[in-house]
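**Q** Numbering (the working numbering), first residue to last: 19 to 135. Right, I'll just put the structure down here and ask away after.
Structure below.
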């Protein structure tokens, strides 16, 4: 007599879909510091550097000419303090706020790219 084959019935949903061995998650690529992970991080650093250089350029254009303006009117000490105290404060705060929002958006974009959704 031949032994009968036993069958196993699985009634629950599969716990996790298996990935192919060649497919890695981007977060794993970054954690393991592979070439692709390095590319992700380098891309983030480049976008952050672009934002910082844009802020620096605006800052140079905004503050750079002030010594020349002040030298042209040496008796206007009061004007200097008004310009430095009130005229620059609001643009600097707005510039800083723009930079922080841009940096956070760049980081969110990378996280959105890296996470599986």
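Ideal placement from N, C-alpha and C gives every residue a C-beta, glycine not left out. Only a predicted model underlies this, so the values are computations on that prediction, with no experimental measurement involved.
With a cut-off of 8 angstroms on the beta carbons, I'd call residue 143 and residue 101 a contact; round off their distance for me.
**A** Given that the chain is displayed from residue 19 to residue 135, the structure contains no residue 143 and the question cannot be resolved.
**Q** Does DSSP put residue 138 in a helix, a strand or coil?
**A** This structure cannot settle anything about residue 138, because the visible part of the chain is limited to 19 through 135.
**Q** Keeping to the same chain, check which residues put their C-beta closer than 6 angstroms to that of residue 65; ignore five residues upstream and five downstream.
**A** For residue 65, where only same-chain residues beyond five positions count, the Cβ hits under 6 angstroms are 124.
**Q** Could you check the C-alpha separation between residue 97 and residue 82 for me, to the nearest Å?
**A** C-alpha separation (whole angstroms): 17 angstroms.
**Q** Alpha carbon to alpha carbon, how far is residue 63 from residue 29? Give it in angstroms, no decimals.
**A** So the alpha carbons of these two residues sit roughly 48 angstroms apart.
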